[in-house]
Amino acid sequence: MNKVAVAIKTQANNDTDLMTALSDDFNYFKAGTSATMPYGTFHPVTENPEKAFQSDKIENGLWQINVFGDSATEVGEILDLIKQTFDDAELLINGHNNLNCGRENAMIRELEDENKYHGYVEYRIYTEET
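Here's what the structure looks like:
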């Protein structure tokens, strides 16, 4: 995992309510082999962080945190916990200062033919090399 992914995982792991709601199943890119509903995943949306503010040291990247569950209510409640944990969070990123973790988008949808639900929250994360 890259440094931002480690910081996201650490931030989630430090929130007992969030991890309890996810049954401690919050993984980078895909669910664990023994995943049961509900569970969460996270991944970068942008392949490479972009330089921001015409600076060689400031980067920004878009990250998505996903929740999969049996009902829209369940997914919505977990998304609320994610928002409490990550909105404007100060992530601890090795070798970087976290300048901002800003929510950009959130949505819940029903997965076709599965009677399951997927919700996500996207965050723009700005970092500065130290």
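Per this note's numbering, the sequence shown runs over residues -10 to 119. We put the CB at the ideal spot given by N, CA and C, even for glycine.
Query: Short of 8 angstroms in beta carbon distance, which residues of its chain neighbour Ser60, apart from the five on each side in sequence? Order them along the chain.; Result: Tyr106
Query: Ile114 and Asn49 - do their beta-carbons sit closer together than 8 angstroms?; Result: yes
Query: Please classify Glu118: does DSSP put it in a helix, a strand, or coil?; Result: strand
Query: Anyone know if the C-beta pair for Pro27 and Val64 falls short of 8 angstroms?; Result: yes
Query: Indicate whether Leu31 and Ile54 have their beta-carbon atoms separated by less than 8 angstroms.; Result: Sequence check: residue 31 is Phe here, not Leu. Cβ atoms of Phe31 and Ile54: closer than 8 angstroms.
Query: Run the proximity test for Asp102: is its beta-carbon closer than 7 angstroms to any non-hydrogen atom belonging to the ligand HEM?; Result: Among the ligands in the structure shown, none appear at all, so the ligand HEM cannot be discussed.
Query: Would Asp6 pass as a contact of Gly29 if the rule is Cβ separation under 8 angstroms?; Result: no
Query: Starting from Leu7, trace the alpha helix (DSSP H) both ways and give me its first and last residue.; Result: 5 to 10
Query: Starting from Asn86, follow its DSSP beta bridges and name the residues at the other end.; Result: Glu117
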